[in-house]
Structures are given as C-alpha cells and as structure tokens.
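A short write-up of the structure that comes next.
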Amino acid sequence: MKTLMQQGFSRISTPLTSGISVSTRLSSRGSLTASPGPSSNHAFFRSVSRCFFHFLRSAPLQHDQSQLLTTAMLTDDGNEAKASTASHMASLENPFLATLPAMSESLLMLDRFFATTAPILPFIAKATLITSLRELTSGSCEPGSWTKRALVNIAFAHSCMVVGDIRSDIFFRRSLHCVISETLRGANIRLIQALLLVTSYQQQQQMSVKSWTYHALAVKAAFQLGLHCPSSYKEISPSDAELSKRLWYCLINQDRMLCMCLGRPCLIPSHYICTPRLEDPNSTCRISSIGHDYQTESLLHHKYQTDLYCIVASVLSDMYQHNIEREESLSTWTLLATRLKLFHLFEEWNRKLDPGLELITPQEVSTILSSQRVEDRFRLSLTMHYYRALILLNGPVLTQVLDIAIGSSHTNAEAVPFVEHCLPTLRSDFVALENMHQILSVLSQSEDFLNQNNMWWLCNHASSSVAMHLFCLALLYQVHPNLEVLIGIPAVKIRQVLGECLDNMRLLQRTSVLFRRAREAIHRFTQKLDSVSSVRERNTPSTVVSDIARPFDFDFTQYDLSTTNDLLGQSDLDLLLGDGLYC
C-alpha cells in the first residue's frame, strides 16, 4: 500500500535541465554579461520559471490569453527606462558645487537627519558634522576638503528625501561629485561615512545595483584606512574608536545585505572580521562625547542587526556557496541539515532580543505606525530584516522540492523521504511569508513612514521575494495536490495571500519600471497557473494529462526565463539604473 506521499510522487521520472549558470550568460551580441547570482530574486525566479515551463508541458491546455501580453509587457516603457537613465547620467556629467543653504535652514535639516536616518546608521557624531558645516559656510575650511562637503551634502539629501523635498537629488549629486573626486586621492573616516550614506540614498531612490559601485569604494577606503585591524582602534580616542567600530560594522552589514539581494560574493569575507564585537549599550559605559547623539535603542538595534547579518553571512556561505555557483551543488540532505542548523541560530537570536526590542506581530503594525515610542521603529526594522532572512534561508529548499516534484534525476526512493522531511520547512516558509505580507500590507499604505525610516528598498525586495515564494508554493500544490493535506495549509489560502501580495507590489512600485515588470511577470504566471487549475477541475479523474490534445504551435518557452539574459525585459541601461527585481 502506497503512502499518501508516495501516491503524490509516483510520477517523478522526467529529468529537468539542471546546472544552468546564473552568474554569467551570453548576451545577444555574443559576449558574457554579469547576472545576479543564487541568493538574488532573479536567480530564484529563473529556477521557478524553468520548473513552471516543464510543468506546463505536461499540463492540460487552455487558450493562453497572457501570451498576447508578453511582447507588450516586456517592451512597454522601455523608452521610459532609457530616458530616465540617460537623464540621470546626464545630471552627473556636469555636477556643480553651489552655496550651502542658510545656517538656520542647514541646522534644521541636520536635526531632521539625526531624527530619521542617523539612528538607523549610528556612525556620525552630530557635533563633528555641525563643525564641518560651520567651516564650509564661513569659508574657513581648508581648500580641497572634499569629504566634509560630501558628508554635509549627503546628510542634506537624506533630510530632504524623508519629507519629499525635490532638492534631495541636487544635494545628492553634489555629494557624489565630491566623493568621486576624493576616492582616487586617499581615505579618511568622513569619506567612508559619506560613501555609506550615498549607497543608502541610492537604495531608497531605485538605484540599488548602482549602489554596489560606491559600496565597493567604501570597502576599499575602509581597508586602506585599517578599519579591519583591531590594533588601529588603540591609536585613537575612545569616542573616535567607538564611532569607527560602528562605521565598520555598518559597512559589513551593508556588504552582506547587498550580497544577499544582488547575488554577489561578499567583499568583506567573515574571516576578515577580527574587530571586537559590538557590546550591549545597556551593560557598558557610554562614551560621553557621543552619548547624547544616539539613544540606547538605536545602538541596540545596530548591535542586533549586526548579529542577525552575521547569521545571514553563514546562510550565504553554507546554503548559497558564497554566491560563486560552484559546479558541484550541495546534496539534498546536506541542504536540509544545513538549513535546520541555521534556523536554530535565527531562533536563538530572536530569544536573546532585549524585551524592549522584541519582534512585532502583524497585528501590532498599525499601532506602531502612529506610535510615539522611539523603540517601535527599531522593532519593526528588526522584524522585517528577520523575516527576510528566514525567506532567504528557505529558498534553496523550496526550489529543490519543486525541482524534485516536477521531475529530476532523483529516483522516487530518494524523492519521497526528502520531500517528507521538507514539510516543516514549507510550513515555516509560509508562516514567514504570511507575516511579512501582513506587515507589508500596512506599510505600503504609509509613504511617509517608508521615507522617514529608509525602508522602501527593504519593503521592495521583501515584497518581490514573498510573491515569488508564494507562487512557488502554489505551483507545488498544483503539481501534487496531496501536499495540501500533508502541509496543512489550504491551497485557497496560498492563492489569496499571493493575490494580495501582488496588489501590495503595485502600491510599492513607485516609478520603478523593472519592479513593475516583475509584478506583471508574476501576475502573468499566476494567471496561467489558475487557467491550468480550472482545466484540471473540469477534467474527469480518468483523464490522462498526456492524452489531452494541444496545438503543436503553442509556445511554452515564453514561461521559461532560465536561459535568457533579458530577464523581464531588462536592458543594459536597466542594469545600470538598478531598480526593481534586483532589489
């Protein structure tokens, strides 16, 4: 007697085309072009689309209206993307330095910066920034002090961005001109601070891929200055050492975040990190000169985020093989064991959180948006990063199950026990997806909160990940309906959350062409999956899938994006602009 699982997987026999490289692909001109690696949303969607293509080849056929949308969807607004990119590049060709705002206005902008952006990135002393501002305004600053001007201008850019002031881009371009001039000359703390704020600004302004370049310059400057050397902190004052250590760990966190989102190897490997870990500000003496710049909650948030991204680094190395894509991938059982070990680390991190910064529940989000408690914004930030890390952790297992379920080189004897052991992971993934979705549903309605807390890029990337994972689960249920009983989550529930998630993506897309294309592609795939489901429901149980007639000219390849470099219609200019699905 076959078990329920064995009945569901009795048809596993058709091998899929595996081993398709994601990191490099042939362009239409025959040259190799870079492409996001395994941990990116691009790579996940490529893998799912390949499985979906093989699923459709054996599925009942219904006239596919979405096929008519393919060309239009992938080319629509292409001129808009090119125009916006060309305009952006032109704005950088002739940068200029202008007079800073009046001192009263400048101080107001810095106050806003230290109330919004700085607590998330606590590596700048307010007194030092004000001193630089006064020197620049009075003209007493020595000639060629580009880094002071760069740091002040990028702080102004962030301050304007959070309130929708259109001058933000002007200040950003001035800062960019300064750091470009300075990075070829040497390195100092202000340069690294400015570069980190430049990359953060770019990520909130739909230029996340481009931010990789300035992040790399920041890493270069940090190594040049010796921030990676523990001994270098002994040669400076305690207050400077404290700020430098925070700066170093903010750079490390950003390195791991970009590695995770863009699918690239970390520029700062874990074995390079020998600096003493950040201490709990509740149990250490605060440095008096900077003690009033940042509240304890801000420093605790920075410490917990650093600890979280230390685990993320292990996920990237152990589950994604450093995003290098070695020819030999992890075995299915090694993958499952590694995922379980890392999951326990995330749970331990959660248990150790300070009671004042514990993760929020989806039901609390609405009240937190209007809350006056300073710690609530940090709780929400940690919660978002935590669920996004869990989704990253579950990704390889999810795609492996889908690959096995639809058809791979694995035998039935291997497949059945592996999938049975993956059921807790699939349940856990849906819980993380649903919680993240519920949080995003509220945040997508509050443009001001996203701007004031530098959370648009985080929400943008998370919503793409959630939609793709939900589609993958929905596809799994279509391949083997028995999973609905085994996992214990109704198929209609998954489909409902997926639909709501696609609506959220529409609210979050802003003017991002590539992000809109991502949403439309997932929506088109979902519509096709729904049409297959409706046909199956109309067929009698005795109908054999392979016996259902289909026209020979039906083009299934439109759903296979695994071998195309032009994923979602991206162009070389889109790569440079760097928005949307790359996030």
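In the UniProt record's numbering, the protein residues as written are 1 to 583.
Glycine is no exception: its CB is placed at the ideal position from the N, C-alpha and C atoms.
TODO: Taking all protein chains shown into account, decide if Ser106 is buried (16 or more other Cβ within 10 angstroms of its Cβ) or exposed.
DONE: buried
- [ ] Compare the C-alpha of Gln509 against each of Ser168, Asn153, Leu197 and Gln204 and name the closest.
- [x] Gln204
Open item on the list: Classify Lys148: buried if its beta carbon has 16 or more other beta carbons within 10 angstroms, exposed otherwise.
Closed with: buried
Open item on the list: Can you confirm whether the segment 467 to 477 touches the segment 184 to 198 when touching is taken to mean that 3 or more C-beta pairs between the two stretches lie within less than 8 Å?
Closed with: no
Task: Whole-number beta carbon distance between His54 and Ile406, since they are thought to touch under 8 Å - done: 5 Å
TODO: With a 10 Å radius around its C-beta and 16 neighbouring C-beta atoms as the bar for buried, classify Leu26 as buried or exposed.
DONE: Only weak support exists for where Leu26 lies, its pLDDT of 45 falling under 50; the coordinates are left without a value.
TODO: Locate the alpha helix (DSSP H) running through Leu335, then write down its first and last residues.
DONE: Thr332 to Arg351
Task: Continuous alpha helix (DSSP H) stretch holding His228: start and end - done: Looking at the DSSP string, His228 is not in any alpha helix (DSSP H), and its letter there is neither H nor E.
Open item on the list: Quick test of your reading: Trp212 and Leu262, contact by CB under 8 Å. State the CB separation rounded to the nearest angstrom.
Closed with: 6 Å
Open item on the list: Quick check on DSSP: helix, strand or coil for Ser40?
Closed with: coil
Open item on the list: If you reduce the DSSP assignment to three classes, tell me which class Thr99 lands in.
Closed with: coil
Open item on the list: Buried or exposed, going by whether 16 or more other CB atoms sit within 10 Å of the CB of residue 600?
Closed with: There is simply no residue 600 to check, as the chain begins at 1 and stops at 583 in what is shown.
Task: Three-state secondary structure assigned by DSSP to Ser370 - done: coil
Open item on the list: Residues in the same chain with beta-carbon distance under 6 Å from residue 629, minus the five sequence neighbours each way, listed in chain order, please.
Closed with: A query on residue 629 cannot be resolved here, the shown segment of the chain reaching from 1 to 583 and no further.
TODO: Could you tell me the distance, in whole angstroms, from the CA atom of Glu328 to the CA atom of Leu335?
DONE: 13 Å
Open item on the list: Between which residues of its own chain and Ile154 is the CB-CB distance below 6 Å, once the five residues before and five after are set aside?
Closed with: Ser175, Ala194, Leu197 and Val198
Open item on the list: To the nearest angstrom, how far is the alpha carbon of Asp403 from that of Ala157?
Closed with: 46 Å
Open item on the list: Quick check: His301 and Ile391, are their CB atoms within less than 8 Å of each other?
Closed with: no
Task: Start-to-end residues for the alpha helix (DSSP H) that takes in Arg277 - done: Looking at the DSSP string, Arg277 is not in any alpha helix (DSSP H), and its letter there is neither H nor E.
Task: Cβ-Cβ separation, Leu353 to Phe378 (assumed contact under 8 Å), whole Å - done: At roughly 11 Å, the Cβ-Cβ gap does not stay under 8 Å, so Phe378 and Leu353 are not in contact.
Task: Nearest residue (CA-CA) to Val479, options Phe52, Pro38 and Pro265 - done: Phe52
TODO: Would you list, in sequence order, the uninterrupted alpha helix (DSSP H) runs of no fewer than 4 residues that lie entirely inside the segment 402 to 482?
DONE: 412 to 443, 447 to 452 and 456 to 479
Open item on the list: Which residue wins for smallest C-alpha separation from Ile120, given the options Lys234, Glu297 and Gln206?
Closed with: Glu297
- [ ] Take the Cβ of Thr117 as the centre, count every other Cβ of all protein chains shown within 10 Å, and call the residue buried at 16 or more, exposed below.
- [x] buried
Task: Segments of 4+ residues assigned as alpha helix (DSSP H) that fall wholly inside the segment 505 to 540 - done: 513 to 538
- [ ] Indicate the three-state DSSP secondary structure (helix, strand or coil) for Leu196 in the structure shown.
- [x] helix
Task: Simplified DSSP state of Tyr320, which is helix, strand or coil - done: coil
TODO: State the Cα-Cα distance for the pair Val163 and Phe346, rounded to the nearest angstrom.
DONE: 35 Å
Task: Contact belief for Tyr386 with Leu443 at Cβ below 8 Å, rounded distance in angstroms - done: No, Tyr386 and Leu443 are not in contact; Cβ-Cβ is about 15 Å, not under 8 Å.
Task: Whole-angstrom C-beta distance between Val315 and Leu393, which should lie under 8 Å - done: 5 Å
Open item on the list: Would you call the segment 518 to 525 in contact with the segment 499 to 507, where contact means no fewer than 3 C-beta pairs closer than 8 Å?
Closed with: yes
Task: Inter-residue Cα distance where the pair is His461 and Pro362 - done: 18 Å
- [ ] With Tyr249 as the anchor, note down where its alpha helix (DSSP H) starts and where it stops.
- [x] Pro238 to Leu262
Task: Under the three-state DSSP convention, the category Asn188 falls into - done: coil
Open item on the list: Let me check understanding here. Comparing Cα to Cα, which of Glu348, Val312 and His215 lies closest to Ser39?
Closed with: Val312
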